[in-house]
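Under my numbering, the first residue of the sequence shown is numbered 90, with each subsequent residue one higher.
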Amino acid sequence: MVQNMLGKIRSYYARFSEKEKKIATYILNNPEKIIHSTINEVADDLNVAEATVFRFCKHIGYKGYQAMKIALASEIMTPMQQIYEEINENDNEKTIAEKVFKSNIRTLENTFQILDGDNFAKAVGFIARANRVHFYGIGGSGVIAMDAFHKFIRSGKQAFAFTDAHFQLMSAAQLTKEDVAVVISHSGTNKDTIRILKTAGQNGAKTIAITGFPKSPISQHADVSLHTSSDETEYRSEALASRIGQLSLIDALYVNVMIINKDRANVSLEKVREAISETRI
């Protein structure tokens, strides 16, 4: 399958440095020119060092400029249906639904593209070995934290999530080196969330951040950071679109932990199923 390189650049754009944004804009505006240019020519056009262009290519997941050019050539020379289109006020209901679904698909694909395998494996290990796992998020991220609790309560782990920021802070203060705090924030800049993360870390707990911004405070202060990717539109904020990526990262963590702790997890899952079955007619 052809990798959506231009889509990846758009997804990363808000997280780039100023020099990286300059290179990204150049590539997005001149993709055909790029595939016929040398790294030296691009650097001269942008008045930056060749090393800066090379580092940009590495940053977006390629071994170097030549590898990026090959990926770009494959993409622009292959007819590709635009996965995402702006929603138009004149669209009918089903067309709008289709565009929302395709936007979600793009979010999932781009989030998977930027998933760091080593960091993800480390996060799985933290949770699998933990005594307790606490999930934290404010506002919309709090909904994701509650969903994570709903999943992990079935795993046999002592899982917790609280909707009130003060309760979250109090629970973080009770964590130990045997525990894990998973902190969710799209922007990574919410003051309450940062304070919760720091409190958990100061008490020895391993900390995992799920955020859309690698350079955000929670990403910088967490032991492990997992990132989502999404686009902002007129009718749908980037934070709203990112939730499908956050949910999928939680799902992937959950399934991995269930496999590692298979015997314990199966016993717990059976107990949950039995208890829930008694609530049904």
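The beta-carbon is built from N, C-alpha and C at its ideal position, and this holds for glycine as well.
All values derive from a computational prediction rather than experimental measurement.
What three-state label does DSSP hand residue 225 in the structure shown?
-> Counting from 1 along the sequence shown, the entry for residue 225 is found at position 136. Residue 225: strand per DSSP, three-state reduction.
Residue range of the beta strand (DSSP E) that includes residue 249 | On the sequence shown, residue 249 is found 160 positions in, with the first residue counted as 1. Per DSSP, residue 249 belongs to the beta strand (DSSP E) from 247-250.
Can you list the alpha helix (DSSP H) stretches of 4 or more residues lying completely in the region 243-286, in chain order?
-> 254-262
Taking the runs of the alpha helix (DSSP H) that are 4 residues or longer, which of them lie wholly in the region 128-169?
-> 128-135, 139-148 and 154-165
Cβ neighbour criterion (16 or more within 10 Å) applied to residue 308 = Reading the sequence shown from its first residue, position 219 is the one you call residue 308. So residue 308 counts as buried.
Cα-Cα separation between residue 287 and residue 255, rounded to whole angstroms = Residue 287 sits at position 198 when you count from the first residue of the sequence shown. Residue 255 sits at position 166 when you count from the first residue of the sequence shown. Distance between the alpha carbons of residue 287 and residue 255 is about 14 Å.
Whole angstroms is fine: what's the gap from residue 356's alpha carbon to residue 349's?
-> Along the sequence shown, read from residue 1 onward, the residue named residue 356 stands at position 267. Along the sequence shown, read from residue 1 onward, the residue named residue 349 stands at position 260. Using only the alpha carbons, I get a separation of about 14 Å.
Same chain only: Cβ atoms within 6 Å of residue 266, ignoring 5 sequence neighbours per side = Here residue 266 is taken as the residue at index 177 of the sequence shown, counted from 1. Only 293 meet the Cβ criterion.
Validate contact between the region 183-192 and the region 207-226 using beta carbons, cut 8 Å, 3 pairs | no
Less than 8 Å separating the beta-carbons of residue 335 and residue 233?
-> Along the sequence shown, read from residue 1 onward, the residue named residue 335 stands at position 246. Along the sequence shown, read from residue 1 onward, the residue named residue 233 stands at position 144. Contact: yes.
Nearest candidate by alpha-carbon position, reference residue 239, set 96, 358, 108 and 185 | Residue 239 sits at position 150 when you count from the first residue of the sequence shown. Among 96, 358, 108 and 185, the Cα nearest to that of residue 239 belongs to 358.
List the residues that DSSP assigns as beta-bridge partners of residue 295.
-> Locating residue 295 in the sequence shown gives position 206, where the first residue counts as 1. Answer by DSSP bridge pairing, in chain order: 269.
Length of the line joining the Cα atoms of residue 209 and residue 93 = Here residue 209 corresponds to residue number 120 of the sequence shown, with the count starting at 1. Here residue 93 corresponds to residue number 4 of the sequence shown, with the count starting at 1. Those two C-alpha atoms are separated by around 22 Å.
For residue 235, collect the residues of the same chain with a Cβ closer than 6 Å to its Cβ; drop the 5 residues on either side in sequence, then sort them by chain order.
-> Your numbering for residue 235 matches position 146 in the sequence shown. Counting only Cβ-Cβ distances below 6 Å, and skipping sequence neighbours, we find 250.
Spatial distance of residue 144 from residue 280 (CA atoms) | Within the sequence shown, residue 144 is the residue found at index 55, counting from 1. Within the sequence shown, residue 280 is the residue found at index 191, counting from 1. The alpha-carbon atoms of residue 144 and residue 280 are separated by roughly 32 Å.
Could you check how far apart the C-beta atoms of residue 223 and residue 268 are, in whole angstroms? I think they sit under 8 Å.
-> The residue labelled residue 223 in the question sits at position 134 within the sequence shown. The residue labelled residue 268 in the question sits at position 179 within the sequence shown. Yes, they are in contact, since the Cβ atoms of residue 223 and residue 268 sit about 7 Å apart, within 8 Å.
Under 8 Å between the Cβ atoms of residue 300 and residue 275?
-> Locating residue 300 in the sequence shown gives position 211, where the first residue counts as 1. Locating residue 275 in the sequence shown gives position 186, where the first residue counts as 1. Yes, the Cβ-Cβ distance between residue 300 and residue 275 is below 8 Å.
Just grab the DSSP bridge partners of residue 315 for me.
-> By one-based count along the sequence shown, residue 315 stands at place 226. In the DSSP output, where bridge partners are listed per residue, residue 315 has 299.
Taking the continuous alpha helix (DSSP H) assigned at residue 111, which residues delimit it?
-> Taking the sequence shown and counting its residues from 1, one reaches residue 111 at position 22. Per DSSP, residue 111 belongs to the alpha helix (DSSP H) from 107-118.
Range covered by the alpha helix (DSSP H) that runs through residue 125 = On the sequence shown, residue 125 is found 36 positions in, with the first residue counted as 1. Element bounds for residue 125: n/a, residue is neither H nor E.
For residue 204, which three-state DSSP category applies?
-> As a position in the sequence shown, residue 204 is number 115, starting the count at 1. In the structure shown, residue 204 sits in coil (DSSP, three-state: anything other than H, G, I, E or B).
Boundaries (first-last residue) of the alpha helix (DSSP H) holding residue 98 | Residue numbering aside, residue 98 sits at position 9 when the sequence shown is read from its first letter. Taken as a continuous stretch (DSSP letters only), the alpha helix (DSSP H) holding residue 98 covers 94-101.
Under a three-way DSSP split, which group does residue 367 fall into?
-> By one-based count along the sequence shown, residue 367 stands at place 278. Coil at residue 367, not helix or strand.
Could you give the C-beta distance for residue 124 and residue 161, rounded to a whole number, given that I count them as a contact under 8 Å?
-> Stepping through the sequence shown from its first residue, residue 124 is reached at position 35. Stepping through the sequence shown from its first residue, residue 161 is reached at position 72. With 8 Å as the limit, residue 124 and residue 161 qualify as a contact, their Cβ atoms being about 6 Å apart.
Span of the alpha helix (DSSP H) around residue 307 | Locating residue 307 in the sequence shown gives position 218, where the first residue counts as 1. Here the alpha helix (DSSP H) through residue 307 covers 306-310.
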